[in-house]
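Taking it in order: structure first as structure tokens, then the write-up.
2 protein chains.
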Amino acid sequence: MTRATGSPADKDDCDLSKLEAFSGLSQPLVAELEKICRPMTYPAETTLIGMGETPEYFGYVRRGILRMQRVHLDGTGQIVGLVAEGDVFGPLFEGISEVAIESVTEVSILNFRRGPFEALMSRSVELEQFMLQKLMIDLDRTRDWMLVLLNRKVTERLAGFLVVLCIRYANVDHLVRWDDGRLEIRVPISRCDLASLLGTRVESVSRAFSALAKRGIIHSKTPYLVEVRDVRKLLEEAGGEITSAVTGLRI
Amino acid sequence: MTRATGSPADKDDCDLSKLEAFSGLSQPLVAELEKICRPMTYPAETTLIGMGETPEYFGYVRRGILRMQRVHLDGTGQIVGLVAEGDVFGPLFEGISEVAIESVTEVSILNFRRGPFEALMSRSVELEQFMLQKLMIDLDRTRDWMLVLLNRKVTERLAGFLVVLCIRYANVDHLVRWDDGRLEIRVPISRCDLASLLGTRVESVSRAFSALAKRGIIHSKTPYLVEVRDVRKLLEEAGGEITSAVTGLRI
DNA sequence: AAGACGCATTGACAGTTATCAACTGACTTC
DNA sequence: GAAGTCAGTTGATAACTGTCAATGCGTCTT
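Protein chains in written order, with my numbering: chain A, 1 to 251; chain B, 252 to 502.
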């Protein structure tokens with residue numbers, strides 16, 4: 001894990017109007033936001049924001065996968081969530097970050113400098129309401145994820161993870177793809193990270209994949225590419241209680 | 252479980268200035284809030300807000316304990332959090348509630364009617380920022396609670412619950428009390444509810460209490476009154492990773 | 001006072017997961 | 001190309017949890 005050494009993305013300008021997360025905002029506000037945002041890229045396995053830090057920006061993910069992680073004193077870490085395309089990350093206001101934000105893959109983000117962003121927020125009721133809405137969605141999603149974690153069996157939590165992935169990133173083509181009636185999911189993280197996210201061990205995750213495959217629910221083409229063969233059974237296994245149909249932030 | 256049949260609290264007026272949750276707000280705003288709030292009381296085991304409902308108010312708890320619960324189709328429920336003295340509950344804006352809010356004990360709340368409250372929020376940047384802050388704290392706390400749930404052993408999750416209780420309600424005397432060097436915790440819910448909250452079964456919760464007692468960490472005076480005899484070991488057992496020192500909302 | 005009831009606890013056993021170990025396959029390095 | 005490395009998988013056993021059953025202990029009812 002290397003420290004944050006991002007580089008400004010080439011001429012890739014900030015065209016917020018095309019991004020779904022910012023649709024619904026008025027034209028003038030979008031223009032203001034575009035002024036204070038900088039596109040950046042980071043290599044895989046990089047710490048963008050350390051735990052306990054007060055980052056100088058607020059991020060929006062254009063491409064790639066990041067993980068939120070609680071890092072312990074002994075160096076071990078506990079993953080508490082993923083951040084993917086279309087999600088935002090970083091604390092609002094000048095709060096310290098309760099979690100580390102680390103890139104899993106190479107990532108391309110939009111970087112909103114904290115000072116100007118907060119100044120804009122205090123001027124613009126629209127932006128403030130926008131952030132309030134985002135936070136509420138985030139809270140609902142975190143509660144949804146809690147429901148997944150409350151499942152006792154690892155196969156159930158894994159099924160829940162796959163379902164959440166489908167719901168959250170249904171529109172992100174390279175993560176979830178409907179191919180002539182078949183559903184393909186790209187698992188964006190390693191088995192090791194997945195074990196941490198699900199509160200179990202690598203071996204159990206592996207066995208859970210095998211168990212779901214044996215029951216004809218999924219088929220692992222590669223460890224990172226899963227085909228769902230029985231969506232109904234997958235939903236049943238997940239507990240069928242993932243209801244927040246909202247779209248846009250974190251798992 | 253009976254349906255919401257609250258009754259207006261007698262002459263108990265709304266003196267917000269005394270309540271910690273509203274300290275930090277300007278005098279005029281407090282005055283405005285006092286105008287639109289109504290004190291109410293509900294008996295134990297009552298549904299204040301059903302799942303999927305759009306409640307007509309936003310609540311602040313003055314006294315008593317409530318639970319947030321995801322109710323399934325088959326009638327079973329999954330508790331996702333507690334709401335206690337000083338906490339607020341209910342969705343902002345006219346959103347449907349993703350969880351049911353049910354009283355555990357008799358409760359006394361302040362009821363802010365949604366219409367006037369939202370009107371006030373759109374007029375007052377101060378109130379909007381206040382709510383934003385509350386939401387962020389809530390989100391951090393939910394992530395903290397997730398960390399507790401990610402513990403594999405029930406004794407660890409139970410220890411985490413007790414620690415969270417101490418941190419969150421350190422100032423609520425009848426829940427957490429330091430008596431001449433001894434720490435006493437009032438467990439505010441039944442073993443059955445606690446099992447649901449911790450994602451396990453009643454019997455396992457019972458065994459976890461016994462196990463912690465056997466190791467000299469706690470001593471159950473009654474099922475609802477626990478004395479902590481070794482705070483350090485309790486913190487270790489909890490994973491020692493509950494860091495959000497913020498105060499005021501939900502577990 | 002006796003019985004009924006709800007809640008908490010404990011015991012016995014089956015089911016699930018953690019742990020340690022071995023093995024496979026893809027990729028790197030020399 | 002052979003050896004080494006790493007992520008993923010599978011196997012065997014110990015540790016833990018779920019389930020069913022029985023018991024203790026209060027409160028409420030009659």
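Using N, Cα and C, we set each Cβ at its ideal position, and we do this for glycine too.
Non-local beta-carbon contacts of Ser204(A) in its own chain, meaning distances under 6 Å to residues more than five positions away in sequence, involve Val154 in chain order. Taking C-alpha positions only, Glu379(B) is separated from Glu478(B) by approximately 40 Å. Those residues of the region 50 to 64 of chain A placed with their C-beta closer than 8 Å to a C-beta in chain B do not exist. For the region 192 to 208 of chain A, the residues whose beta carbon sits under 8 Å from a beta carbon of chain B are, in order, Gly199 and Thr200. Sequence-ordered contacts of the region 135 to 147 of chain A with chain B read Leu135, Met136, Asp138, Leu139, Asp140, Thr142, Arg143, Asp144, Trp145, Met146 and Leu147 [C-beta pairs closer than 9 Å]. Taking a C-beta cut-off of 7 Å against chain A, the contacting residues of the region 316 to 331 of chain B are Arg321, His323, Gln329 and Val331, listed in chain order. Taking all protein chains shown into account, Ile360(B) has 16 or more neighbouring C-beta atoms within 10 Å of its C-beta and is therefore buried. Residues are counted here when their Cβ sits less than 7 Å from a Cβ of chain B; for the region 154 to 166 of chain A the count is zero.
In its chain, beyond the 5 residues on either side, Ser220 have a beta carbon closer than 6 Å to the beta carbon of Phe209(A). Contact check for Ile300(B) against Arg364(B) fails: the beta carbons are separated by 7 Å or more.
With 16 or more other Cβ atoms from the protein chains shown falling within 10 Å of its own Cβ, Ile352(B) counts as buried. Remark: C-beta atoms of Tyr42(A) and Gly6(A) approach each other more closely than 7 Å. In this structure, DSSP gives Asp13(A) a state outside helix and strand, which the three-state scheme calls coil. Neighbours of Leu127(A) across chain B, judged by C-beta separation under 8 Å, do not exist; the nearest C-beta is about 11 Å away.
According to the DSSP assignment, Ile418(B) belongs to no beta strand (DSSP E) but to the alpha helix (DSSP H) extending over Val405 to Arg419. When C-beta distances to chain A are compared with 8 Å, the residues of the region 343 to 367 of chain B below that value are Leu343, Phe344, Gly346, Glu349 and Val350, in chain order. In the structure shown, Asp444(B) adopts helical secondary structure according to DSSP, grouped into three states.
With respect to chain B, the C-beta atom of Leu16(A) has no partner C-beta closer than 7 Å. The Cβ-Cβ distance between Phe368(B) and Phe309(B) falls below 7 Å. With a cutoff of 7 Å on beta-carbon distance, Val358(B) and Ile440(B) are scored as not near each other. In the pairwise beta carbon analysis, the region 333 to 345 of chain B is classified as not touching the region 274 to 289 of chain B: fewer than three pairs are separated by under 8 Å. Taking one beta carbon from each stretch, the region 173 to 189 of chain A and the region 132 to 152 of chain A have fewer than 3 pairs nearer than 8 Å; the two do not touch. According to DSSP, Tyr475(B) shares a beta bridge with no other residue.
From the listed residues Glu20(A), Leu198(A), Ser26(A) and Arg3(A), the smallest Cα separation to Val172(A) is found for Glu20(A). Counting only runs of 3+ residues, the beta strand (DSSP E) found wholly inside the region 27 to 54 of chain A occupies 37 to 42 and 46 to 49, in chain order. Met291(B) is positioned such that its CB atom lies closer than 7 Å to that of Asn362(B). Contact annotation for Leu149(A) against chain B: Met397, Leu400, Leu401 and Gly450 [CB-CB distance below 8 Å, chain order].
Each of Ser124(A), Pro8(A), Thr200(A) and Glu56(A) was checked against the Cα of Ile96(A), and the nearest Cα belongs to Glu56(A). Arg480(B) and Arg63(A) have their C-alpha atoms spaced approximately 50 Å apart.
Closest in C-alpha terms to Ile436(B), from the list Val482(B), Val339(B), Gly490(B) and Arg254(B), comes Val482(B). Under the Cβ criterion of 7 Å, Leu383(B) is counted among the residues facing chain A.
Ranked by Cα distance from Ala489(B), the options Glu377(B), Ser373(B) and Ile418(B) are led by Ile418(B). By the CB criterion at 7 Å, Leu149(A) and Leu400(B) fall inside the cutoff. As the crow flies, the alpha-carbon of Leu120(A) is around 51 Å from that of Ile468(B). Looking at Thr222(A), Ala159(A), Thr46(A) and Arg215(A), the one whose alpha-carbon comes closest to that of Gly240(A) is Ala159(A).
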